[in-house]
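The UniProt record's numbering puts the first residue of the sequence shown at 1, with every later residue one more than the last. Positions of the beta carbon are idealized from the N, C-alpha and C atoms, including for glycine. Please read the structure below before turning to the comments.
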Amino acid sequence: MAGFRQRFSAPVDIAMVAHPSVTLIVDLSEDGGIVHDAHGRRRRGSFVAGLLPDRLRAGGRSGECLQIRLSPIAAAAVLGASAELSGMVVPLEDVWGRAAGRFEERLRAAASWDERFAITRDLLVRRPALRDVDPEVAHIWRRTLGGRGRVRVDELAGDVGWSRKRLWSRFRTQLGITPKRAARLVRFDHAAHLLAAGHGAAAAAARSGYADQAHLHREVTSFTGLTPTAVADAPWLAIDDVAWPDSWPGRPATIPAVR
Numbered sequence: 001m002a003g004f005r006q007r008f009s010a011p012v013d014i015a016m017v018a019h020p021s022v023t024l025i026v027d028l029s030e031d032g033g034i035v036h037d038a039h040g041r042r043r044r045g046s047f048v049a050g051l052l053p054d055r056l057r058a059g060g061r062s063g064e065c066l067q068i069r070l071s072p073i074a075a076a077a078v079l080g081a082s083a084e085l086s087g088m089v090v091p092l093e094d095v096w097g098r099a100a101g102r103f104e105e106r107l108r109a110a111a112s113w114d115e116r117f118a119i120t121r122d123l124l125v126r127r128p129a130l131r132d133v134d135p136e137v138a139h140i141w142r143r144t145l146g147g148r149g150r151v152r153v154d155e156l157a158g159d160v161g162w163s164r165k166r167l168w169s170r171f172r173t174q175l176g177i178t179p180k181r182a183a184r185l186v187r188f189d190h191a192a193h194l195l196a197a198g199h200g201a202a203a204a205a206a207r208s209g210y211a212d213q214a215h216l217h218r219e220v221t222s223f224t225g226l227t228p229t230a231v232a233d234a235p236w237l238a239i240d241d242v243a244w245p246d247s248w249p250g251r252p253a254t255i256p257a258v259r
């Protein structure tokens, strides 16, 4: 999780770049609030963005918010949904009901960001697991992340003793995304952070396992509607090295053992 506070002389509009997580934005603004726009619908307040939300934008004149990134495995337990949120952006209240408003008020009343983080951590840990995914699906998701999207689906299926067809079906049913699409998303995320870190498109393509720069360009456009140059300058990624240091390029990737 990470906390953000910002004020602008005029309203801003920031494109949110796709990320391999379910994202919660908890609006803590006292006035104005966070405005988000997805599927052509503008709303205000806290929201949840599933994997691959369509052209999501957020902004406003002023804002204070807590951003939480959950793996789709954790989202199934904490939110009771993962597959249902894929491609969706919904108000947090639609997912948590009245508990969402009580959560926001507790965070607003906190004396510091550390206290807010502690409240959030406690809430997430104490919530009863609403839904589980198969251990095999969880393992394959972690393998995909650890391999930065460069592990073949056939290899993943063999890893857990499943057929390709069974893997495809269970993964998509439980996480709302196919194993191949998940791998593409993870690989794109690695490339996007390389671009934001100052690497050129050709270098980012080579380091991320794309066939060439044109291949990277197609994938970036597919996931964001932007060019690699625009993604490199995206405000959404600009401070990831501070807010989410563990995901920044250069950190060693680890692949969990088979369960």
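Spell out a yes or no on whether the segment 133 to 141 and the segment 86 to 101 are touching, meaning 3 or more CB-CB pairs, one atom from each, closer than 8 angstroms.
no
Using the beta-carbon count (16 or more within 10 Å), is residue 130 buried or exposed?
exposed
Measure from the alpha carbon of residue 19 to the alpha carbon of each residue in 94, 136, 106 and 68, then state which is nearest.
68
N- and C-terminal bounds of the alpha helix (DSSP H) containing residue 120:
113 to 126
For residue 31, which residues from the same chain have a beta carbon less than 6 angstroms from its beta carbon, with the 5 sequence-adjacent residues on both sides left out?
none
Residue 245: buried (16+ other C-beta within 10 angstroms of its C-beta) or exposed?
exposed
Buried or exposed for residue 125, going by 16 or more other Cβ atoms inside 10 Å?
exposed
Local Cβ density within 10 Å of residue 60, reported as buried at 16 or more and exposed below that:
buried
Could you give the DSSP three-state label for residue 150: helix, strand or coil?
coil
Please classify residue 242 as buried or exposed, where buried requires at least 16 other C-beta atoms within 10 Å of its C-beta.
exposed
Going by DSSP, what residue range makes up the beta strand (DSSP E) through residue 36?
35 to 38
Taking one C-beta from the segment 214 to 223 and one from the segment 177 to 195 each time, how about it: are there three or more such pairs within less than 8 angstroms?
yes
Paired residues, beta bridge with residue 49 - DSSP
23 and 89
What would DSSP say about residue 60, mapped onto helix, strand or coil?
strand
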